[in-house]
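Please read the structure below before turning to the comments.
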Amino acid sequence: MVSRGQLAWIAWAAVGVMISVTLAGCGGGGAASTNEILIGHYGSMTGSEATFGVSTDNGIKLAVKERNAAGGVKGKQIKLKTYDDQGKAQEAVTVVTRLIQQDKAAAILGEVASSRSLAGGPVCQRLGVPMISPSSTNPDVTAIGDMVSRVCFIDPFQGYVGAKFAFENLKLKKGAVLFNRAQAYSSGLKDNFNEAFKKLGGEVVEEQAYGDGDNDFSAQLTAIREKDPEFIYIPGYYTEVVNIAQQARARDIKVPLIGGDGWDSDKLANAKDALQGCYFSNHYSHQDTRPEVQEFVKKYQAEYGAVPDGLAALGYDSARLLFDAMDRAASLSGKDLAKAINETKDFAGVTGKISMDENRNARKDAVILEVKDGVPSFVTSIAPE
Ligand code: PHE
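Numbering (the numbering used here), first residue to last: 62 to 446.
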């Protein structure tokens with residue numbers, strides 16, 4: 062039994078807890094107890110691009126864990142808050158606003174898909190909080206303003222990489238293109254590829270488009286087959302690519318399919334026969350023998366029991382580059398932090414050496430991967446022109 066004295070004590074203790082909770086709530090809002098720095102991540106943790114968000118989050122979490130074990134940043138522990146935007150641009154706006162206004166995040170990491178970075182980025186710019194996209198490659202993303210940067214290359218380069226590989230390495234002269242007209246990434250990369258391929262002397266014999274959520278590509282594939290291309294360039298995301306590859310083979314289209322980083326997912330294994338001998342450009346290969354890469358692969362595997370894809374590597378790099386900038390920043394105000402991020406030079410990332418150019422983009426090599434039994438394997442790397 063609880064005595065009357067004990068009851069009174071419990072009541073007072075409860076009031077004490079309530080008071081301290083209220084004070085913490087007023088003081089810093091959300092996570093900002095004074096010995097923590099909150100950073101936010103927004104990504105597609107669910108939906109048709111779910112592996113993008115999950116892999117990126119895993120990479121970020123690993124970087125946070127390592128940094129906290131080493132004493133944190135400016136003597137404080139890093140706290141990560143991740144919100145699922147379900148792969149929807151409108152939801153990206155909502156969760157980025159919440160991370161900044163309610164949770165008081167000092168910086169934002171995300172998104173993977175360019176269309177969602179183009180939705181979340183303006184919120185960061187308007188509210189003055191730095192955002193680093195790990196992997197959005199459409200040029201317009203960092204054109205939002207000085208609060209928005211990225212640790213990856215951009216699509217004018219990636220389009221050139223795909224075109225050069227098809228034309229020079231595979232000696233293919235006649236290509237068709239099938240792209241997602243609803244995604245900034247896909248329609249932009251399509252234009253960049255077309256321009257580069259024509260410049261090299263190649264011919265684009267057919268161009269077909271689809272929309273978000275489409276899963277029947279028969280009309281487009283039939284039109285493409287009639288033009289008899291030597292390959293099809295597909296600057297889409299993995300769920301679409303898996304369906305397109307299977308439907309193409311069912312229509313007796315045997316030519317190689319070539320794509321960009323949007324293919325990067327372990328879900329490619331769902332179409333491993335249809336994608337055998339197909340290629341895509343990407344930011345990194347887990348088979349790269351550089352010590353930075355091999356050490357990361359080992360640590361990631363120990364933590365998650367899986368081989369890290371490019372998104373995991375870019376998520377890891379984006380978080381580590383942010384911590385490096387926090388170390389150098391005069392303060393963690395949005396202005397000081399953005400300045401330190403934008404001044405980054407020769408940061409040793411898993412995905413290569415990262416320096417921010419005057420447009421807050423990174424200039425790095427790309428790799429070409431071949432799908433072999435559902436697993437992307439290193440073929441070659443291509444440097445910027
Ligand atoms: N670059 C893609 C975009 O801008 C996203 C992506 C990057 C997807 C890397 C997979 C791997 O939308």
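Don't be surprised by glycine CBs; every beta carbon is placed ideally from N, CA and C.
Three-state secondary structure (DSSP) at residue i?
i           : result
residue 308 : helix
residue 106 : coil
residue 437 : strand
residue 424 : coil
residue 129 : helix
residue 404 : coil
residue 429 : strand
residue 231 : coil
residue 278 : coil
residue 388 : helix
Please work out which residues of its chain come closer than 6 Å, Cβ to Cβ, to residue i, disregarding the five sequence neighbours upstream and downstream, and give them in chain order.
i           : result
residue 379 : 170, 193, 195 and 212
residue 264 : 235
residue 444 : 426
residue 442 : 426 and 428
residue 410 : 378
Cβ atoms of residue j and residue i: under 8 Å apart, would you say?
i           : j           : result
residue 104 : residue 113 : yes
residue 321 : residue 346 : no
residue 109 : residue 148 : yes
residue 160 : residue 144 : yes
residue 208 : residue 186 : yes
residue 202 : residue 168 : no
residue 376 : residue 118 : yes
For residue i and residue j, I'd like the C-alpha separation in whole angstroms.
i           : j           : result
residue 116 : residue 266 : 36 Å
residue 316 : residue 405 : 43 Å
residue 272 : residue 259 : 25 Å
residue 89  : residue 107 : Below a pLDDT of 50, predicted positions are generally treated as unreliable, and residue 89, at 37, falls in that range; the measurement from the model is reported next regardless. Spanning the two alpha carbons is a distance of roughly 30 Å.
residue 402 : residue 139 : 17 Å
residue 369 : residue 269 : 32 Å
residue 290 : residue 326 : 26 Å
residue 215 : residue 111 : 22 Å
residue 134 : residue 95  : 13 Å
residue 228 : residue 254 : 11 Å
residue 257 : residue 181 : 30 Å
residue 174 : residue 372 : 11 Å
residue 383 : residue 309 : 42 Å
Starting from the C-beta of residue i, find all residues in its chain whose C-beta is less than 7 Å away, skip the five residues before and the five after it, and write them out in chain order.
i           : result
residue 19  : No statement about residue 19 is possible, as the shown extent of the chain runs from 62 to 446 and does not include it.
residue 413 : 425 and 426
For residue i and chain D, any beta-carbon pair shorter than 8 Å?
i           : result
residue 163 : This model lacks chain D altogether, as it is built from one protein chain only.
For residue i, which residues in the same chain have their Cβ closer than 8 Å to its Cβ, ignoring the five residues on either side in sequence?
i           : result
residue 328 : 112, 299, 300 and 303
- Message: Three Cβ pairs or more, each shorter than 8 Å: is that satisfied between the segment 421-428 and the segment 360-367?
- Response: No: fewer than three Cβ pairs fall under 8 Å.
- Query: Just checking, does the segment 434-443 make contact with the segment 326-340 on the three C-beta pairs under 8 Å criterion?
  - Reply: yes
- Message: When you compare the segment 377-396 with the segment 297-314, are there three or more beta-carbon pairs, one atom per stretch, that lie closer than 8 Å?
- Response: Short answer: they don't touch.
- Quick check: the segment 286-300 against the segment 237-244, are there 3 or more CB pairs under 8 Å? yes
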